[in-house]
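Below is one structure, written out as structure tokens; the observations come after it.
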Amino acid sequence: MELKHISKSFGAQQVLTDISLVLEEGHTLAVLGKSGCGKTTLLRIIAGLELADNGEIWLNGKNMSGVAVHKRNAVYLNQEPLLFPHMTAS
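Start counting the sequence shown at 33; every next residue gets the next number (the numbering used here).
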């Protein structure tokens, strides 16, 4: 995966500014930071759930700009039980 100059703002609030990175096949990436620093926004952009204001996302050598969420080989799994909050697993 490669991120090239990803930027995102919500109104006047700049959340991500010129984020670039390369993640080689077989490697793992941990995104760490304070609450509100843009971690979730970055992951949602990679998964295609959010649009970046600028930049490109490349997965397996293919530019994912404009590729529908269901056609990406990426998954975003939220830590909160949003789909079935009334159910428990035990």
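Glycine is no exception: its CB is placed at the ideal position from the N, C-alpha and C atoms.
Check	Outcome
For S41, the residue or residues it bridges with in DSSP	Q46
Contact check, L35 vs G93, beta carbons under 8 Å	no
CA-to-CA distance, M119 to S123, given in whole angstroms	With the chain covering only 33 through 122, there is no way to say anything about residue 123.
Cβ distance (whole Å) where Y108 is taken to contact A79 below 8 Å	4 Å
Host alpha helix (DSSP H) of L75 (start-end)	K71 to A79
Opposing strand residues paired with N86 [DSSP bridges]	S39
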